[in-house]
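Structure record follows, encoded as structure tokens.
Residue numbers (this note's numbering): 8 to 311.
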């Protein structure tokens with residue numbers, strides 16, 4: 008499997024609707040960039056949009072409990088254990104605050120701690136900078152499903168420095184490591200026969216400050232059939248065969264990431280999420296159809 012195919016993280020069930028208001032206004036002049044620099048395809052999007060604006064079930068508050076997490080830190084590319092990695096958890100789902108739990112993995116990448124389930128949390132992995140082995144890796148809006156036995160087994164991602172450098176290198180851009188990278192997948196409403204969520208095709212990703220102003224140096228790229236990012240001239244929007252996208256050189260701070268599609272008449276907001284970016288980090292964050300907050304609850308967390 009390709010190095011970057013691991014962006015296809017296991018999707019969760021939908022939980023909320025997205026605003027489909029088309030805000031195509033220019034920026035306030037601080038960057039000179041606009042919505043149209045990110046969203047400009049005239050190819051109608053493909054994929055199941057029936058959940059956009061719909062209802063996704065009620066969370067069962069009785070299942071929002073703490074469980075024992077038996078975790079393993081693995082390399083994003085090779086799926087090999089990352090020994091001695093530091094793992095931090097933010098039960099508030101806000102990585103800008105102090106972590107609520109911190110563990111060090113053993114020589115096999117294994118660790119154990121207590122975490123809440125059926126509510127969003129964030130986590131991050133790192134190794135000592137002097138090792139020059141990994142980059143700080145974050146995943147927010149993660150929701151572990153309810154477990155009857157009170158024990159969860161989860162794989163926690165760590166991105167190697169080599170993998171982090173692959174993404175901008177194959178596009179031909181330089182990653183400014185005072186900024187971050189966001190990598191993700193555009194998921195639609197459908198689920199295939201194997202229980203895997205399917206992809207939107209020909210959607211585009213818009214990164215902005217929450218008020219419609221995009222960052223000056225950030226560019227979003229999409230992936231070819233070989234699961235590698237390519238120049239926008241070669242792939243102008245989300246490839247329906249893999250759903251993959253990546254935003255390079257996203258400044259530190261809080262950013263809104265939206266997925267838009269052209270329906271043949273206008274641009275429609277298909278889903279969004281909000282991320283806090285730290286310097287030198289890789290952030291794994293998918294966008295799911297119909298969700299304006301990036302949250303998706305597993306079926307095991309919902310009222311039956």
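Even for Gly, the Cβ is constructed at its ideal location relative to N, Cα and C.
Counting along the chain, no beta strand (DSSP E) covers residue 171; the unbroken alpha helix (DSSP H) around it starts and ends at 168 to 178. Rounded to the nearest whole angstrom, the CA to CA distance from residue 230 to residue 148 is 24 Å. Around the beta carbon of residue 203, a 10 Å sphere encloses fewer than 16 other beta carbons of the protein chains shown; the residue is thus reported as exposed. In this structure, residue 210 lies near residue 52, with their beta-carbon atoms less than 8 Å apart.
Separation of residue 182 and residue 171 (C-alpha to C-alpha, rounded to the nearest whole angstrom) is 9 Å.
Your pair residue 217 and residue 291 does not check out as a contact, with CB atoms roughly 21 Å apart and the cut at 8 Å. Inclusion of residue 297 and residue 278 in the CB contact set at 8 Å is warranted, their separation being smaller than that value.
The beta-bridge partner set that DSSP reports for residue 143 consists of 288.
Going by DSSP, residue 256 is part of the beta strand (DSSP E) stretching over 251 to 257.
Residues of the same chain with a CB within less than 6 Å of the CB of residue 258, apart from the 5 flanking positions on each side, are 186, 222 in chain order. Residue 304 and residue 102 have their C-alpha atoms spaced approximately 20 Å apart.
Counting C-beta pairs with one atom in each stretch, the stretch 127 to 136 and the stretch 83 to 99 have three or more that are closer than 8 Å, which means they touch.
The alpha-carbon separation between residue 184 and residue 285 amounts to approximately 10 Å.
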